[in-house]
Amino acid sequence: MATRSNNGQKFPMSARFFQKLASGVPGVLFTYWLSADGQSHHYPFVSNQVQTLFGIDPSVLNENADAVFSVIHPDDASAVMASIQESALKLEPWCYCARLRLSHGEYEWFEAYSAPERQPDGSTVWYGQFHNIQHYKNLERSLRESESEFSFQAGFQKLIARLSTEFINLGFGTIDECIDELLRSIGEFFDVDRAYLYRFSDNYALMTNTHEWCRDGVQALIDSQQEVSIEDFYWWQEKIDGMVAGNRAVFIEDVDSLPHEAAPERALLQAQGVSSMFCMPIRVRGRVTGFFGVDSLRRREWRQDQADLLIIVSGLLSGALERHRLEEELLNQSIRDPLTGLHNRRYLMPRLNEMLSRSNRRGEGFALAMFDIDHFKRINDSVGHLGGDYILQRFAEILNQQTRSMDVVARFGGEEFIVVFNAVEVNDVRQLVLRILEAVYDETFVFDDQIVPVTVSAGVAGIEELAEIPASPDALIARADDRLYLAKQSGRGCLVDASGTLRI
Numbered sequence: 001m002a003t004r005s006n007n008g009q010k011f012p013m014s015a016r017f018f019q020k021l022a023s024g025v026p027g028v029l030f031t032y033w034l035s036a037d038g039q040s041h042h043y044p045f046v047s048n049q050v051q052t053l054f055g056i057d058p059s060v061l062n063e064n065a066d067a068v069f070s071v072i073h074p075d076d077a078s079a080v081m082a083s084i085q086e087s088a089l090k091l092e093p094w095c096y097c098a099r100l101r102l103s104h105g106e107y108e109w110f111e112a113y114s115a116p117e118r119q120p121d122g123s124t125v126w127y128g129q130f131h132n133i134q135h136y137k138n139l140e141r142s143l144r145e146s147e148s149e150f151s152f153q154a155g156f157q158k159l160i161a162r163l164s165t166e167f168i169n170l171g172f173g174t175i176d177e178c179i180d181e182l183l184r185s186i187g188e189f190f191d192v193d194r195a196y197l198y199r200f201s202d203n204y205a206l207m208t209n210t211h212e213w214c215r216d217g218v219q220a221l222i223d224s225q226q227e228v229s230i231e232d233f234y235w236w237q238e239k240i241d242g243m244v245a246g247n248r249a250v251f252i253e254d255v256d257s258l259p260h261e262a263a264p265e266r267a268l269l270q271a272q273g274v275s276s277m278f279c280m281p282i283r284v285r286g287r288v289t290g291f292f293g294v295d296s297l298r299r300r301e302w303r304q305d306q307a308d309l310l311i312i313v314s315g316l317l318s319g320a321l322e323r324h325r326l327e328e329e330l331l332n333q334s335i336r337d338p339l340t341g342l343h344n345r346r347y348l349m350p351r352l353n354e355m356l357s358r359s360n361r362r363g364e365g366f367a368l369a370m371f372d373i374d375h376f377k378r379i380n381d382s383v384g385h386l387g388g389d390y391i392l393q394r395f396a397e398i399l400n401q402q403t404r405s406m407d408v409v410a411r412f413g414g415e416e417f418i419v420v421f422n423a424v425e426v427n428d429v430r431q432l433v434l435r436i437l438e439a440v441y442d443e444t445f446v447f448d449d450q451i452v453p454v455t456v457s458a459g460v461a462g463i464e465e466l467a468e469i470p471a472s473p474d475a476l477i478a479r480a481d482d483r484l485y486l487a488k489q490s491g492r493g494c495l496v497d498a499s500g501t502l503r504i
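Per full-length UniProt numbering, the very first residue in the sequence shown carries number 1; after that it's consecutive.
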């Protein structure tokens, strides 16, 4: 074959000419022949790039194509053959991506494209090329990793925000539930097998597991980890000193590789099935009081910033425990009503100021309901003051039963009670208050074998109603009190809110 230039000069179209032409192409140009029965194949033409890339002599491929197929990654080989057979059957272009082993031994991704042509004898010939796309695969992987990292960081921030909100809104007696939820959430998020909280004794001679979460099927250790003496664990004592003096985390990447001086610790952790672990100090009022930790029962790769992320969690725990300790101290300073056990005004007003401040900063809504036991003087006259005290106590129990841990329940004075409903919509508040009224209505109050009829009235006000006036706890209470008065005027045993009067 020959071609003619514009000046009429002829150029021979030899195999050597095609090789020279193909040498300017980064990829591999080829014609690939497959017999009708699929039992034999070769490359009638293949550019010399196949020698440069894969170390395969083109003349070998002219006789048999097996050498090319031998450099296909084992995980891709069967799919490549299947795609070729499908292209031959349907006579549709063959386009496929697979990993090929280069002459230096590493695999890289290549993409092939060719058009098939059926021959008179039933065989098929493909005309096409394949080229290296490793750069695009690297870019694709980098983008996936960036997207995955962004998703991870966003998920972690969302998790910490949720847990922080739960700790901010917790009431007395709910700290344990919040810690359990934190351990579960962190354990599942980081895909560990245990997450736990330990408390040190004042002299750091004992440690006690106070809270623990375990993945399904993982043995719990909390029962065996009460007031554990660390007297014989000298290596661990050094780590505790590091926590106390330097606020340092403890990271054991491989329990089996612990040093000789940590033999007792290694034996204990191996008996517990631990492969690797992180422990972060917990500080309350500047003093290390314990540690938060996670265990993995299998070898794993930890994130490089794993310690930094867990320090954020330990900081959240430290803050929550410090706040809880302060609240317990306040509790000892008579912030609870001695008769009902509910909070009193001394606790209620600071909490209202705190919630009002959060509402101003973050737009968090809340509502206040004021309850009054109807005809309470008549109750006192009929069953005496002890009977009246009994009614107050039973109503306080009903309020605790019908409200959530994040709500604030207080005795405001006499037979008046206040519930502050946190993070709820207006319609939800209405249903919550009605549920309390129904619970009182359904309850049988008996004192000294005498049935005492009891109903309750309520006035409800939401913080969003104070947009036009200076918002304050007193203003919110005053509006709820006005509506309580309207409920009394409306026949008692009902509630009044911004929408009007509602009865059970």
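Using N, Cα and C, we set each Cβ at its ideal position, and we do this for glycine too. All values reported here derive from a predicted model rather than from experimental measurement.
Residue interval of the alpha helix (DSSP H) (run including residue i)
| i | result |
| --- | --- |
| leucine 342 | Premise fails: leucine 342 is in no alpha helix (DSSP H) and is neither H nor E. |
| threonine 165 | 134-169 |
| arginine 394 | 376-402 |
| threonine 289 | Counting along the chain, threonine 289 falls outside any alpha helix (DSSP H), though it belongs to the beta strand (DSSP E) covering 287-296. |
Top-ranked residue by Cα proximity to residue i, from the options
| i | options | result |
| --- | --- | --- |
| methionine 370 | Ala458, Leu326 and Asp176 | Ala458 |
| aspartate 180 | Cys97, Phe292 and Gln489 | Phe292 |
| aspartate 442 | Leu484, Phe395, Gln450 and Pro470 | Phe395 |
| methionine 355 | Lys137, Ser123 and Leu170 | Leu170 |
| arginine 101 | Asp449, Ala77, Asp37 and Arg479 | Ala77 |
| glutamate 415 | Leu339, Pro74, Val284 and Glu212 | Leu339 |
| leucine 495 | Glu438, Arg351, Leu317 and Val452 | Glu438 |
| residue 546 | Phe30, Ala36 and Gly38 | Here the chain covers residues 1 to 504 and nothing more, so residue 546 does not appear. |
| phenylalanine 189 | Gln153, Met243 and His211 | Gln153 |
| alanine 195 | Ala205, Asp202 and Leu183 | Leu183 |
| tryptophan 235 | Leu268, His42 and Glu166 | Leu268 |
| lysine 90 | Asp202, Arg298, Trp126 and Ala67 | Trp126 |
| asparagine 48 | Asn62, His41, Gly286 and Ala36 | Asn62 |
| histidine 135 | Trp109, Glu149 and Val288 | Trp109 |
| alanine 423 | Ile391, Arg362, Pro473 and Leu466 | Arg362 |
| valine 68 | Ser359, Asp482, His41 and Phe150 | His41 |
| glutamate 227 | Phe233, Leu392, Ile252 and Thr210 | Thr210 |
C-beta contact flag for residue i and residue j at 8 Å
| i | j | result |
| --- | --- | --- |
| threonine 403 | valine 426 | no |
| glycine 273 | leucine 197 | no |
| alanine 461 | leucine 368 | yes |
| serine 257 | aspartate 193 | no |
| valine 456 | isoleucine 373 | yes |
| leucine 34 | serine 123 | yes |
| histidine 73 | arginine 99 | yes |
| serine 87 | glycine 55 | no |
| alanine 307 | phenylalanine 278 | yes |
| histidine 324 | isoleucine 175 | yes |
| leucine 321 | isoleucine 282 | yes |
| alanine 249 | methionine 280 | yes |
| glycine 38 | glutamine 85 | yes |
| arginine 411 | asparagine 353 | no |
| aspartate 430 | leucine 502 | A small fix is needed here, since residue 430 is arginine in this sequence, not aspartate. The answer is yes: Cβ separation under 8 Å. |
| glycine 242 | tryptophan 213 | no |
| leucine 399 | phenylalanine 421 | no |
| valine 433 | arginine 351 | no |
| residue 532 | valine 440 | This structure cannot settle anything about residue 532, because the visible part of the chain is limited to 1 through 504. |
Buried or exposed (CB count within 10 angstroms, at least 16 for buried), residue i
| i | result |
| --- | --- |
| valine 313 | buried |
| serine 499 | exposed |
| proline 116 | buried |
| proline 470 | exposed |
| methionine 81 | exposed |
| glutamate 238 | exposed |
| alanine 487 | buried |
| serine 224 | exposed |
| alanine 161 | exposed |
| arginine 336 | buried |
Beta-carbon separation (whole angstroms), residue i vs residue j, contact threshold 8 Å
| i | j | result |
| --- | --- | --- |
| cysteine 97 | glutamate 111 | 5 Å |
| glycine 387 | aspartate 448 | 7 Å |
| leucine 143 | serine 185 | Not confirmed; about 29 Å, so no contact. |
| glutamine 270 | valine 294 | Glutamine 270 to valine 294, Cβ: 17 Å. No contact. |
Segment limits, beta strand (DSSP E) that includes residue i
| i | result |
| --- | --- |
| phenylalanine 45 | 41-46 |
| proline 281 | 276-284 |
| glycine 363 | From DSSP, glycine 363 is part of no beta strand (DSSP E); its letter is neither H nor E. |
| leucine 495 | 494-497 |
Chain B within 8 Å of residue i, Cβ atoms only
| i | result |
| --- | --- |
| alanine 498 | You won't find chain B in this structure, because it holds only one protein chain. |
heavy atom of the ligand PLP below 7 Å from residue i C-beta
| i | result |
| --- | --- |
| arginine 345 | Inclusion of the ligand PLP in the displayed structure is not the case, the ligand content being empty and no account of it being possible. |
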